[in-house]
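Protein chains in written order, with my numbering: chain A, -2 to 355; chain B, 97 to 535; chain C, 55 to 366. Backbone N, C-alpha and C fix where the C-beta goes; we use that ideal spot for every residue, glycine too. Remember, predicted model here, so these are calculated numbers, not experimental data. Everything on this sheet refers to the single structure shown next.
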Amino acid sequence: MIYREAGQFKTSYAGDQAIFPIVQDRVVVALAVVAAFVLPTRFADEYWLQAILIPFLIYALAAIGLNLLTGYAGQLSLGTGGFMAVGAYSAFKLSTAFPWLNIVVVFLLSGVIAALVGVVFGLPSLRIKGFYLAVATLAAQFFLIWLFNKVAWFTNYASSGTITAPTRTMLGITVSGPTAAAPTRYVVALAFVAVFALVAKNLVRGRVGRSWMAIRDRDIAAEIIGVRPLKTKLLAFAISSFYCGIAGAEFVFLYLGSAETLAFDIGLSFLVLFMVIIGGLGSVLGSFLGAAFIVLVPIFLTNTPHAVGLLLPVALQKQIELMVFGGLIIFFLIVEPHGLARLWQIGKEKLRLWPFPH
Amino acid sequence: MRVRNVIVAVLALALAAGGLVTAAFAQSSTIFIPLLVYRTGPYAPSGIPIANGFVDYFSLLNERDGGINGVKVAWEECETQYDTKQGVECYERLKGKSPVLVNPYSTGITYQLIPKAPIDKVVVFSMGYGMSAASDGRWFPYVFSAPTNYWSQASAVIRYIGTQEGGLEKLKGKKIAHIFHNSPYGKEANPTLEELAKKYQFELTLLAVDHPGQEQKSTWLQVRRLNPDWIFMSGWGVMNQVAIKEASAIGFKMDRFIGNWWSANDSDVVPAGDGAKGYKGATFHAPGTNFKVHADIVKFVYDKNKGTGKKADMGAPLYNRGVVNAMFSAEAIRTAMGKYGNKVLTGEQVRWGFENLNLTEAALDKLGMKGFTHPVKVSCEDHEGSGPVLIQQWDGKKWNIVSDWVQPMREVVRPKIEAAAVEEGKKLNYTQRDCSKEK
Amino acid sequence: MISLLYQVFVGPLKDMAGHPAFLGEVVIGGVLAGMLYSLVALGFVLIFKASGVFNFAQGVMVLFAALTLVGLIERGLGVLLALVLTAVVMIALAFGIERIVLRPLVNQEHIILFMATIGLNFFLEGFGEMVWGANVKKLDVGLPDKSFMAAGMQINQLELSAGVIAAVLVVILAIFFQKTRIGRALRAVADDHEAALSIGIPLKTIWVVVWSVAGLVAIVAGIMWGAKSGVQFSLSLIALKALPVLILGGFESVPGAIVGGLIIGVGEKVGEVYWGPLVGGAIENWFAYVLALAFLLIRPQGLFGEKIIERV
């Protein structure tokens, strides 16, 4: 009833090809973005910001990055953790070597460095496909982690072997380091995700995205119609790693504050991949939904027994939590194999017809 | 289709609602201590006894003494699975209940909490782990690692090896291998060992084992070729069990194989069966249950069916670690009460208690812990106390103490700590405190 | 520069030639470790071959099998009886998985099925621990675990028996696949689901059978690995050790899993022992993947994988 597009006529190509061609969508998205900036900074407590919202935003950014590579360009990658580590360690080296450098510039540069590393490890994708390609990216994962662990230069020869986010300010506000307020860090993370989600959305609608999807759907056919696999695949690796690199830098600077290589181990790569698949391959919105699912569901499951006054031993509670989480993943896949984004879409279709479905 | 959507919508709503309810109610008449435990996941075999020891000792305090000086202790466990991210979530969740101190029980989580400690005014008590540099209290007022730390431990182990060889000067030309978990934790001991190798001219070989350490064939092939006189191990998790098994399989003399205090628990030696006989480990408290405190725990906790674990599992090194850790925490609170009164304290007051903690032999005796652990005195400069180390040995059934208290080499370790504290402190924009101005 | 080249290319080789007995020991150690990897990889191959599912939960299945076995032994059952009961449990698990997870997802893309096995992975992780506890347990089914000397080389009996058992297992599986009726049906399903269905091969039965066989292989892998480290949660992480083997050997090939295991095993041990010290050690984890990658660049479908014929 409310969600009705009747009467909205497109009189130009630009209008027809807009990201959100329906007025209601535009309004809702704009409201959501504003709400995301305003509400949590005013009302959320530190627990919500630090333990839920900030990691959610960072994972969402990484998931968008991986989704560009795996969902749009069809290249399965298990190296996300490694590329995030590249971003994190680059950001640490850059910001300690050039303390005057603006933190945003540091993040962007670390993204660029991660992109370069991504291109190198993307080279085997020209020959290897599918699950086999996972090995090339796993090699990246294990090698990069080993490298950062082994070479003390990356941690500035710290006796602790960990990297610590230095205190950096932007426009007079402390953005990273132990004294940075959670709302500030939240806003920075949100700004990055908002901008780069928009960029991603536009990328996949344009020439680049189309060539990625052509490669994904049938690479030989794509080559015949003039899509150059070398350029396209490597571009996918570069942009995906760029996203992951920024997410990695944020992971240390805005979320954890300090980290050892273990924080970027293979588990993280799997985690981001789960987000992408659960959320929906080939969907920017899906990356958000997947990140929300993977971050929120375990926390929800941990807090529920407390909320209803049921006090279980923590071990039992964790085990039940794992079982329910696993069960939910299977349940959602059976309900909708194409991810939460597809569910969303179905919901929208229904809403269009509601309340008169016929 | 509609039913399905309804289910999804309900789930989504429940999700949102459940997440909102995060903070429960903190009771204001008790001292709250959050326990970050790991009773599940790959490190559960180590995490379970520690957590049990902790909880049992606090239960004992409440049951026997009615708390600390009459103020009851409240605690809440939070499962971290030894994962840093889950640890942060736990800390943030429990922070709302105004805790006075936190025991992270993971090097990774400790590093997360150190910068937060002075801001949230919560003491980080990383007993024998965490950041060695934080032992310099002038830079890290809120972090305590008493009674000792990794660097002191490494030097004490070398001293022990020296006495076994007939004097430290006999170490010259001996071959010592350090097998370590390839992580910041595992590498902690390396710089100290390297310095000691130079000083006493023994031949040090560093062998890294990558996480998780399920497969160590190549490491032990290297050991076989090297044929070291002694092996020191900083292992963790499954790495310990496999290493002990491999060492016995290649016929290495087990009494020349010493694990650090995270590599010498019952769970580490049991899978290797008889092969583990003779294996040694460092510790800073005795194993076993022959102490009054254990009898009390049985009497006041287990006999009332309030025990967390099995009675038979008491006395494992890591169970006793939990007990000692809880005791230190309680005594620091007691010390603080001496100044601030017998009431619910703040983190700042407990910090003062830690800094002025002086556990004498007499005090330990009173706690039923005579001979269980060594007296320790913490000060503003020294948050570690350079506590001495014991060597325990596995006889196939239980651990026995086989050494006297071995003193660490403070003259070697302390300057390194001070140098590292400057470096780590500057990273956090800290300044050095003047300890003469502290009361 | 010259000395660096020497260190990298000449030194280790000279070392090998200088101490042949030790080299032999390294190689044998690698072969036996490789067989242990193969045991885990086999489970993956069986399931992938017959259903196209990359079973992420294989590692947890190994853990679950070992936990069940050791749990039953601890409750006073004889080793043999416990083995039989564990086998029954694993077969029941296969039935459950087919009914609850696979059947509703029939004909879905590979990646979706992969994700479903991840859900299964979480579930089994929690379930196994809830039933059997998280503590480390000693597993003793009476395998010898001492070492003996042969021609100046020290060989571990436990690893040797693992090697023999793995070899026997492969022979049995090969016969099962090649000679039995159900084996032929399995191969038919692997070639083409629809064609197999149309000639009356029951897909559901086939899936139950492969998941059961993979469960049985998981028991064997659980015993061998559990004997080394005790039965504990970390057993589930050995799946990571099997991945390079799997990729090198090809996802569909039983012999590939074995040969891949041998190449990875020997390769990573030789790499770690002779070249590891040059860069500070602990290289074997990524070295295995780099090794697999090097082979893949020559044969993109793995050593024994089926040749991919692409049509447009």
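Taking the straight line between their C-alpha atoms, what separation do you get for residue i and residue j?
i, j, result
"residue 322/B", "residue 58/C", "23 Å"
"residue 129/C", "residue 205/B", "37 Å"
"residue 295/B", "residue 254/B", "11 Å"
"residue 343/C", "residue 83/C", "19 Å"
"residue 386/B", "residue 470/B", "16 Å"
"residue 295/C", "residue 339/B", "17 Å"
"residue 272/C", "residue 304/B", "29 Å"
"residue 317/C", "residue 283/C", "24 Å"
"residue 275/C", "residue 115/C", "10 Å"
"residue 339/C", "residue 61/C", "22 Å"
"residue 359/C", "residue 303/C", "7 Å"
"residue 207/A", "residue 234/A", "15 Å"
"residue 255/A", "residue 182/A", "15 Å"
"residue 70/C", "residue 330/C", "14 Å"
"residue 180/C", "residue 298/A", "13 Å"
"residue 7/A", "residue 146/A", "56 Å"
Does residue i pass the burial test, meaning 16 or more other C-beta atoms within 10 Å, or should it be called exposed?
i, result
"residue 280/C", "buried"
"residue 74/C", "exposed"
"residue 152/C", "buried"
"residue 260/A", "buried"
Strictly under 8 Å for the Cβ-Cβ distance: is residue i near chain A by that measure?
i, result
"residue 354/C", "yes"
"residue 505/B", "no"
"residue 145/B", "no"
"residue 192/B", "yes"
"residue 208/B", "yes"
Step through the CB atoms of chain C and report whether any lies within less than 8 Å of the CB of residue i.
i, result
"residue 349/A", "no"
"residue 320/B", "yes"
"residue 363/B", "yes"
"residue 209/A", "no"
"residue 314/B", "yes"
"residue 304/B", "yes"
"residue 367/B", "yes"
"residue 289/B", "no"
"residue 341/B", "yes"
Which residues in chain A sit within 8 Å of residue i, going by Cβ to Cβ distance?
i, result
"residue 215/B", "175 and 176"
"residue 337/C", "143"
"residue 188/B", "43, 44, 47 and 48"
"residue 184/C", "313, 316, 317 and 320"
Between which two residues does the alpha helix (DSSP H) carrying residue i extend?
i, result
"residue 82/C", "74 to 105"
"residue 279/C", "257 to 283"
"residue 170/B", "It is not in any alpha helix (DSSP H) - residue 170/B instead sits in the beta strand (DSSP E) that spans 169 to 175."
"residue 259/B", "246 to 261"
"residue 300/A", "281 to 304"
The beta strand (DSSP E) with residue i in it runs from where to where?
i, result
"residue 247/C", "Note, residue 247/C: premise wrong, no beta strand (DSSP E); alpha helix (DSSP H) at 247 to 252."
"residue 201/C", "201 to 204"
"residue 377/B", "376 to 379"
"residue 135/B", "Premise fails: residue 135/B is in no beta strand (DSSP E) and is neither H nor E."
Under 9 Å Cβ-Cβ, which residues of chain A neighbour residue i?
i, result
"residue 180/B", "253, 256, 257, 259 and 260"
"residue 298/C", "132, 135 and 136"
Run down chain B in chain order and give the residues with a C-beta less than 7 Å from the C-beta of residue i.
i, result
"residue 311/A", "133, 135, 173, 174 and 175"
"residue 164/A", "525"
What in chain A is Cβ-close to residue i, meaning under 7 Å?
i, result
"residue 278/B", "146"
Residue i touches chain C at which residues, Cβ-Cβ below 8 Å?
i, result
"residue 202/B", "Result: empty, since nearest Cβ-Cβ is about 16 Å, beyond 8 Å."
"residue 124/A", "350, 351 and 354"
"residue 318/A", "180"
List, in order along the chain, the chain B residues whose C-beta lies closer than 8 Å to that of residue i?
i, result
"residue 295/C", "310 and 311"
Checking contacts by CB at 8 Å: is residue i closer than that to chain B?
i, result
"residue 284/C", "yes"
Return yes when the C-beta of residue i is under 7 Å from any heavy atom of the ligand MG, and no when it is not.
i, result
"residue 120/C", "With respect to the ligand MG, the structure offers nothing, as it holds no ligand at all."
Give me the chain C residues within the contact set of residue i, using Cβ-Cβ distance strictly less than 9 Å, ordered along the chain.
i, result
"residue 330/A", "155, 158, 159, 162, 166, 167, 169, 170 and 173"
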